[in-house]
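Asker:
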Amino acid sequence: MYTVTFVRPNGERVPIAAEDGANLMQLAIENNIEEIVADCGGSMSCATCHVYIAEQWREKTPPQGPTEAQMVACAIDPSNDSRLSCQIHISEILDGLVVTLPESQY
Ligand code: FES
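The numbering of the sequence shown is the numbering used here, which starts it at 1 and goes up by one.
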């Protein structure tokens with residue numbers, strides 16, 4: 001079991017236990033992280049699962065493909081730290097991952 005910490009816009013930190021292979025978006029939904037909307041259910045067509053992952057962690061995540069990059073550009077307030085949480089699966093290398101949630105998905 002690994003730990004992922006979601007950081008809310010108000011700075012509240014919410015640590016959540018994650019099994020190997022867990023999908024980051026699903027983890028948020030299952031744990032009532034309401035900042036993650038995930039309208040499309042993970043089919044990479046909504047960008048409402050947008051999160052910010054700082055560079056030191058982002059380097060450990062799978063690289064962003066062209067479709068994800070296009071969708072991230074549609075998110076509210078995208079930055080270099082932007083990722084779609086539905087495209088990230090937790091593994092040992094991401095144990096301790098810190099994910100910052102956006103103010104809004106719309
Ligand atoms: Fe829609 Fe991730 S849930 S793009």
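Virtual Cβ for every residue (Gly too), placed ideally from N, Cα, C.
(1) From which residue to which residue does the alpha helix (DSSP H) around Pro-66 run?
(2) Is Glu-12 buried or exposed, if buried means 16 or more other CB atoms sit within 10 Å of its CB?
(3) Under DSSP, the alpha helix (DSSP H) around Ala-28 begins and ends at which residues?
(4) If we call anything under 8 Å between Cβ atoms a contact, is Met-44 one with Thr-67?
(5) Out of Thr-3, Asn-23, Met-1 and Ala-54, state which residue places its alpha-carbon closest to the alpha-carbon of Pro-102.
(6) Does DSSP classify Ser-85 as helix, strand or coil?
(7) Report buried or exposed for Thr-48, applying the criterion of at least 16 other Cβ atoms within 10 angstroms of its Cβ.
(8) Does the beta-carbon of Gln-105 have 16 or more other beta-carbons within 10 angstroms, so that it is buried, or is it exposed?
Answerer: Put simply:
(1) Counted from its first residue, the sequence shown places residue 66 at position 66. Unbroken alpha helix (DSSP H) run through Pro-66: 66-72.
(2) By 1-based counting over the sequence shown, the position of residue 12 is 12. Exposed.
(3) As a working note, residue 28 is residue 28 in the sequence shown. For Ala-28, the enclosing alpha helix (DSSP H) has its first and last residue at 24-30.
(4) Counting from 1 along the sequence shown, the entry for residue 44 is found at position 44. Counting from 1 along the sequence shown, the entry for residue 67 is found at position 67. Cβ distance < 8 Å, so Met-44 and Thr-67 count as in contact.
(5) Sequence index remark: in the sequence shown, residue 102 carries index 102 (1-based). For the residues Thr-3, Asn-23, Met-1 and Ala-54, the minimum Cα distance to Pro-102 belongs to Ala-54.
(6) Here the question's residue 85 lines up with position 85 in the sequence shown. Look at Ser-85 here: in three-state DSSP terms it is helix.
(7) On the sequence shown, position 48 is the one that residue 48 refers to. Result: buried.
(8) Counted from its first residue, the sequence shown places residue 105 at position 105. Gln-105 sits buried, since 16 or more C-beta atoms from the chains shown fall within 10 Å of its C-beta.
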